[in-house]
Amino acid sequence: MNPQWDVIVVGAGNAAMCAAMAAREKGASVLMLERAPKHERGGNSRFTAGAIRFAFDGLEDIRALCPELTQEQIAVTEFGTYTTDQFYDDMFRVTRYRTDAGLCERLVEQSFETMKWLHSKGVRFIPSYGRQAFKIDGRFKFWGGLALETWGGGPGLVDKEISIANHQGIEIFYSARVVELLFDGYAVKGVRVRHNDCLQDITSRSVVLACGGFEANAEWRTRYLGPGWDVVKTRGSRFNTGDGIRMALEIGASPFGNWSGCHAVAWDYNAPEFGDLNVGDGFQKHSYPFGIMVNADGRRFVDEGADFRNFTYAEYGGLIREQPNQFAWQLFDHKVNHLLRDEYRIKQVTKVTANTLEQLVANLEGVDKATLIRELSGYNAAVRTDIPFNPNVKDGRCTEGLTVPKSNWANTIDEGPFEAYQVGCGITFTFGGLRIDSHSAQVLDVDLQPIPGLYAAGELVGGIFYFNYPGGTGLMSGAVFGRLAGSSAV
């Protein structure tokens, strides 16, 4: 391994790849060090479905990113718009106005330009039919601010970015765990890496940390998120244990953001401890707006229709963790079964089916069945069936008189066959991390001064997300700040 480089990038997910590509296009020699072995490369990016949030002004912006769109697709699709104002509104609303102003501005204002940059590199995008648009009366209408996803989802994105990196002459070493930053008391001069059972010091003009949060570290989860977070499942990479954050803090970097917060979703109750690349994001269960969720006490505990799934799913996983025995059942009936996402049809699923509601309830493990029967009766009686149901918009089809309301997409659970899915909490990534300068992605120290030679991007950047997260923003944040960090590092 060459001991001297212009830029070292720690990690090999989307944020790291964008940093490496941006540095390389400015002429720098770039080395990427990935802790995972080659067959597990890609960090959490590889576990995503590839949805990516960006501001766009209409069909022409979509066509610029999806030149393969046919006239037939355009004729039956309403993409709408997602302006920068809407993007700001969503970021402010879901983070309760805590998102850092400078970081948020960079994210929103550079989102479309970054998409064009990725497209120019060879990354392909396609409309998110089936996941972000339902066909009603012969037309698709996109909802929730998300219109496009990467070709092949997360695995497709990672494979394409690695192919681009290889073509650009970027060196990537796998099973290479960076354990320490080389710091002379003033500037970062490189890294110490464990590779092939040997420790080696590699020097560079600058280092970009893009190696994920601490979601795969049970001890850190318990320390920062709180009791009970040690037993949740990790949706993605088992290698995201906070190494980058730890190394930066050890040399005086400033911690920043919502360290007690995270992105956590409804995840199959019997999923493995860490993400399974053969299943990808298929363990998630995100069609709850069209049904109901009940806990072990047999009661609903959340407004399943409070907002589009894009703006609630990253928060509701944490609420499931807070329920008795840390699980919930999602219940659906025949009227909406056809709307369930593909993730409900995988082989590895905890599922109960029945032709009658009584049979369904009888087969739900761990639930107070008598209470659930009464809960279902009360819920069904409260549904405003006079309001039309429309999954593409906030339809206002609600309940009345319930302690826990349902604000949209309320359907009675009374038409068999019925389906139920047991879910627990799956953590995606943590919100707390390092403080960076929004104009350069340079890491700041505890005196809020730049640390020469050190930059950061991706999950380990704090201050962007608080309490919640708009769906598809993670890949966008990684791309925007990865590109910025790589350019600045040169």
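Start counting the sequence shown at 200; every next residue gets the next number (our numbering). Beta carbons: idealized from backbone N, C-alpha and C, even for Gly. Since this is a predicted model, take the numbers as computed values, not measurements.
Below 8 Å between beta carbons: does that hold for residue i and residue j?
i, j, result
"threonine 313", "glycine 249", "no"
"leucine 345", "arginine 252", "yes"
"glycine 343", "asparagine 509", "yes"
"alanine 505", "valine 622", "no"
"valine 501", "valine 603", "yes"
"lysine 225", "serine 686", "yes"
"arginine 434", "serine 486", "no"
"glycine 661", "asparagine 213", "no"
"glycine 389", "leucine 381", "yes"
"serine 436", "asparagine 589", "no"
"arginine 391", "aspartate 400", "yes"
"valine 387", "proline 202", "no"
"leucine 306", "methionine 675", "yes"
"glutamine 641", "leucine 659", "no"
"phenylalanine 246", "glycine 353", "yes"
"leucine 556", "leucine 538", "no"
"leucine 264", "histidine 318", "yes"
"glycine 577", "leucine 601", "yes"
"phenylalanine 339", "tyrosine 328", "yes"
Could you please give me the residues that DSSP links to residue i through a beta bridge?
i, result
"aspartate 400", "Arg391"
"alanine 178", "Absent from the model: residue 178. The displayed extent of the chain is 200 to 689, so no value can be given."
"leucine 230", "Ile207 and Glu370"
"tyrosine 654", "Val407 and Gln641"
"lysine 550", "Tyr620"
"tryptophan 466", "Gln483 and Gly623"
"cysteine 461", "Thr629"
"lysine 340", "Glu277 and Phe333"
"methionine 492", "Gln529"
"leucine 563", "The partner list for leucine 563 (beta bridge, DSSP) is empty, contrary to what the question assumes."
"lysine 432", "Gly625"
"threonine 598", "Val582"
"proline 649", "Leu643"
Measure the alpha-carbon distance for residue i versus residue j and round it to whole angstroms.
i, j, result
"glutamate 618", "leucine 530", "6 Å"
"alanine 688", "arginine 583", "57 Å"
"lysine 550", "aspartate 467", "9 Å"
"alanine 494", "aspartate 475", "Residue identity differs from the one stated: residue 494 is asparagine in this sequence, not alanine. If you take the alpha carbons of asparagine 494 and aspartate 475, they lie about 26 Å apart."
"aspartate 256", "aspartate 396", "52 Å"
"alanine 409", "glycine 497", "43 Å"
"proline 523", "tyrosine 620", "17 Å"
"methionine 446", "valine 378", "7 Å"
"aspartate 205", "aspartate 532", "58 Å"
"threonine 511", "histidine 638", "30 Å"
"phenylalanine 473", "alanine 527", "20 Å"
"proline 471", "valine 535", "28 Å"
"glycine 337", "proline 616", "26 Å"
"valine 478", "asparagine 469", "13 Å"
"asparagine 554", "phenylalanine 278", "38 Å"
"glycine 625", "glutamine 483", "8 Å"
"aspartate 260", "leucine 268", "12 Å"
"isoleucine 361", "methionine 216", "7 Å"
"histidine 366", "alanine 218", "15 Å"
"threonine 298", "glycine 481", "29 Å"
"arginine 520", "phenylalanine 455", "25 Å"
"phenylalanine 413", "tyrosine 668", "17 Å"
"lysine 334", "tyrosine 515", "26 Å"
"threonine 552", "arginine 596", "26 Å"
"arginine 499", "alanine 655", "41 Å"
"alanine 561", "lysine 568", "7 Å"
"valine 407", "glutamate 449", "16 Å"
"arginine 295", "phenylalanine 666", "8 Å"
Taking residue i and residue j to be in contact with their CB atoms under 8 Å, please state how far apart those CB atoms are, rounded to whole angstroms.
i, j, result
"glycine 657", "glycine 411", "7 Å"
"asparagine 591", "aspartate 613", "Actually they are not in contact, since the Cβ atoms of asparagine 591 and aspartate 613 sit about 23 Å apart, beyond 8 Å."
"phenylalanine 291", "asparagine 457", "About 15 Å separates the two Cβ atoms, so there is no contact after all."
"methionine 220", "isoleucine 371", "That belief does not hold up - the Cβ atoms of methionine 220 and isoleucine 371 are roughly 12 Å apart, past 8 Å."
"aspartate 585", "tryptophan 608", "With 8 Å as the limit, aspartate 585 and tryptophan 608 do not qualify as a contact, their Cβ atoms being about 15 Å apart."
"valine 229", "valine 208", "6 Å"
"glutamate 308", "threonine 283", "6 Å"
"alanine 375", "histidine 394", "4 Å"
"threonine 627", "alanine 513", "7 Å"
"arginine 240", "alanine 211", "5 Å"
"alanine 581", "threonine 570", "16 Å between Cβ atoms; not a contact."
State yes or no: is the C-beta of residue i nearer than 7 Å to some heavy atom of the ligand PLP?
i, result
"alanine 495", "Ligands are entirely absent from the displayed structure, and the ligand PLP is therefore not among its contents."
Would you check if there are 3 or more beta carbon pairs closer than 8 Å linking the segment 436 to 450 to the segment 223 to 236? yes
Stretch pair the segment 448 to 467 + the segment 420 to 427: three plus CB contacts closer than 8 Å: yes
Cβ contact check for the segment 426 to 433 and the segment 631 to 647: 3 or more pairs under 8 Å: no
Decide if the segment 321 to 334 is in contact with the segment 642 to 656; the criterion is three or more beta carbon pairs, one per stretch, under 8 Å apart. no
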